[in-house]
Amino acid sequence: MTVRIGLIGKTNTGKTTFFNAATLQYAEVSSYPFTTKQPNYGTTYAITPCVCREFNVKDNPRNSLCIEGYRHIPVELIDLPGLIKGAWAGKGLGNQFLSVASQADALIHVIDASGSVDEEGRITKMGVGNPLADFYDIQEELVMWLMRLIDRQEDKILRNVKSGKELAEAIADVLHGIKITTSHVNTALKSTGLQDKDFGDWTMLEDKKFAEKLLEVSKPMIVLANKMDLETASSNFETLRESLTSYMVIPASAEAELALKRAVQKGFIKYIPGQEEFDILNPEQLTEEQRKALEFIESRVLGEYMRTGVQFAINVAVFKLLGMGVVYPVSDAAKLSDKSGNVLPDAYLMPPNSTVRDLARSIHSELEKGLLYAVDVRSGLRLPGDYRVKDRDVLSIVSAMRRAG
Ligand SMILES: Nc1nc2c(ncn2[C@@H]2O[C@H](COP(=O)(O)OP(=O)(O)O)[C@@H](O)[C@H]2O)c(=O)[nH]1
Ligand SMILES: [Mg+2]
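In terms of my numbering, the sequence shown is numbered consecutively and its last residue is 405.
Take a look at the structure:
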């Protein structure tokens, strides 16, 4: 399963800058301007300490990268056009963005913490905007969207219930297109206490309460307080952090990350995303302006907040918010390799409570069909199909159909 993270937030808060910074690869030394239309989908990486250091081996990653002992595992990032008020009702930009948001497993809500955008997302005088109100506006858009989606399907849901389906299943049935599962719906029903109430009798208030809860469980979200490099941002950041206590609020400067990534491409600096420092490689190549810009990032962004927040946000979304674990399937348990001899070739992101069987299925359906057991490389133990895989597990799956990994 590929993890998909969606960027949402008002216009001009820095979503596209975040997207560009997070998806810019060191390897790909292209210089096409960012003013050209960017695709909405891009690959970024969740970064975690690789097991290669523990096993003291040189790995040959296939589905991921290993850079200086850190495994970079691809995740998909989706950049959405800005939300504007009333978008759920088909006004303004239309509700296309909401259907894109629907494809995400987790959301990063980008906020202009410097208060440089007004209510409608237009650039305004720095410090004038209200970042907390911006958060609630977008939140309201999302809830209204979900409420309306459910409302539009009311007849179908009622028919589903009549034909004997459980309520959770009946609702999930009309929402699986937006990655909402029966288990999400069940959780929302229980925590709103609506599981025993006739769906046809829900009040509007209950509809809304349910949509809010369902949004919370099915589209977990972190808040990115962006533009922290601007003076007006720190007090707004405090406000956001104190008010939004049920969210992780991450300070960031997407623009600083983008500048660092570009400096890497030009060979000016050595910088690994998420790190708290960079090294200038060839100081004599820098213009005065470039040197000042890097100094500014070093003191105002890295110095104050330790990091630009971009890589940190991706990691938090994948590992904390979604609770993913990283599992390394291998074919040869002794050599830690696949059949071609590649050492620790693959790293899989597995959701909480995933089993050996789930892992086998994500590798190949044939592998799951003939699944016998997995061998835990560290202990040599045979693990049954329903064993719950753990973060950093290195496993060799043994299947009657084929032995692979
Ligand atoms: N100072 C500062 N400006 C930023 C930052 N991120 C984005 N911007 C600027 O904010 C404006 C809107 O950015 P953009 O990424 O297009 O916003 P979007 O509409 O949410 O996609 C642009 O002028 C960016 O250069 C940041 O971290 N700091
Ligand atoms: Mg944009």
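Idealized CB from N, CA, C, for every residue including glycine.
Kindly indicate which three-state DSSP category residue i falls into: helix, strand or coil?
i       : result
Cys-52  : helix
Ser-299 : helix
Lys-266 : coil
Thr-355 : strand
Met-401 : coil
Pro-251 : strand
Lys-10  : strand
Ser-163 : coil
Leu-83  : Annotation note: pLDDT 44 at Leu-83 (below 50); position unreliable, no value reported.
Thr-232 : coil
Pro-33  : Here the model assigns Pro-33 a pLDDT of 37, short of 50, so the residue's position is not dependable, and the following value carries that caveat. If DSSP states are grouped into helix, strand and coil, Pro-33 belongs with coil.
Ile-180 : coil
Tyr-387 : coil
Ala-293 : helix
Ile-5   : strand
Pro-439 : Past the edges of the chain, shown from 1 to 405, lies residue 439, and the structure says nothing about it.
Phe-237 : helix
Ala-46  : strand
Ser-340 : coil
Val-318 : helix
Ser-396 : strand
Leu-258 : helix
Leu-349 : strand
Val-174 : coil
Asp-59  : coil
Looking only at its chain, what residues have a beta carbon closer than 7 Å to the beta carbon of residue i, apart from the 5 residues adjacent to it on each side?
i       : result
Arg-158 : The sequence given here places Leu at residue 158; Arg does not occur at that position. Hits under 7 Å: Phe-199, Gly-200.
Gly-254 : The sequence shown places Ala at residue 254, rather than the Gly named in the question. Excluding positions up to five away in sequence, the list reads Gly-14, Thr-17, Phe-18, Ala-21, Asn-226, Val-310.
Leu-372 : Val-398, Ser-399, Ala-400
Asp-391 : Gly-325, Val-326
Ala-188 : Phe-210, Lys-213, Leu-214, Val-217
Thr-239 : Leu-132
Tyr-305 : Met-228, Pro-251
Asn-333 : Looking at the sequence itself, residue 333 is Ala, so the reference to Asn does not match. Val-375, Val-377, Ser-396, listed in sequence order.
Glu-169 : Thr-182
Near residue i, what residues of its chain come up, given a Cβ to Cβ distance below 6 Å and the 5 sequence neighbours on each side ignored?
i       : result
Met-221 : Leu-107, His-109
Ala-27  : Unreliable placement is indicated for Ala-27, whose pLDDT of 40 sits below 50; the coordinate value is still reported in the next sentence. The answer is none, since no qualifying residue turns up.
Glu-216 : none
Gly-341 : none
Ser-243 : Leu-132
Asp-393 : Val-327
Pro-273 : Gln-311
How about residue i: is its Cβ closer than 6 Å to a heavy atom in ligand 1?
i       : result
Lys-261 : no
Leu-336 : no
Glu-231 : no
Thr-44  : no
Glu-255 : yes
Lys-227 : yes
Asn-40  : no
Thr-124 : no
Thr-308 : no
Thr-11  : yes
Among the residues of its own chain, which have a CB less than 8 Å from the CB of residue i, if the five just before and after it don't count?
i       : result
Leu-286 : Phe-268, Ile-280, Leu-294
Gly-323 : Pro-351, Pro-352
Glu-206 : Thr-192, Leu-194, Lys-197
Asn-236 : Ala-113, Ser-114, Gly-115, Pro-131, Leu-132, Ala-225
Cys-50  : Asp-59, Cys-66, Gly-69, Tyr-70, Arg-71, Leu-344, Ala-347
Ser-102 : Gly-177, Ile-178, Lys-179
Arg-62  : Asp-338, Asn-342, Pro-345, Asp-346
Considering residue i, what are the terminal residues of the beta strand (DSSP E) in which it resides?
i       : result
Asp-112 : 106-112
Tyr-271 : Unbroken run through Tyr-271: none, as it is neither H nor E.
Ile-78  : 70-79
Tyr-136 : Not the beta strand (DSSP E): Tyr-136 falls in the alpha helix (DSSP H), residues 131-152.
Ile-222 : 221-226
Ile-67  : 65-67
Thr-329 : The amino acid occupying residue 329 in the given sequence is Pro; Thr does not appear at that position. It spans 325-329 - the beta strand (DSSP E) in which Pro-329 sits, taken as one unbroken run.
Got a sec: does ligand 2 put a non-hydrogen atom nearer than 6 Å to the Cβ of residue i?
i      : result
Lys-15 : yes
Rounded to whole angstroms, how far is the Cβ of residue i from the Cβ of residue j, which I believe are closer than 8 Å?
i       : j       : result
Ser-399 : Gly-380 : At roughly 18 Å, the Cβ-Cβ gap does not stay under 8 Å, so Ser-399 and Gly-380 are not in contact.
Ser-64  : Ala-347 : 5 Å
Ile-171 : Asp-134 : Rounded, the Cβ-Cβ distance is 30 Å, inconsistent with contact.
Ala-252 : Thr-203 : The Cβ separation is near 40 Å, so there is no contact.
Phe-319 : Thr-48  : 7 Å
Where do the ends of the alpha helix (DSSP H) carrying residue i lie?
i       : result
Met-204 : 204-218
Ala-313 : 310-315
Ala-22  : 15-23
Leu-372 : Run containing Leu-372: none in the alpha helix (DSSP H); it sits in the beta strand (DSSP E), 371-376.
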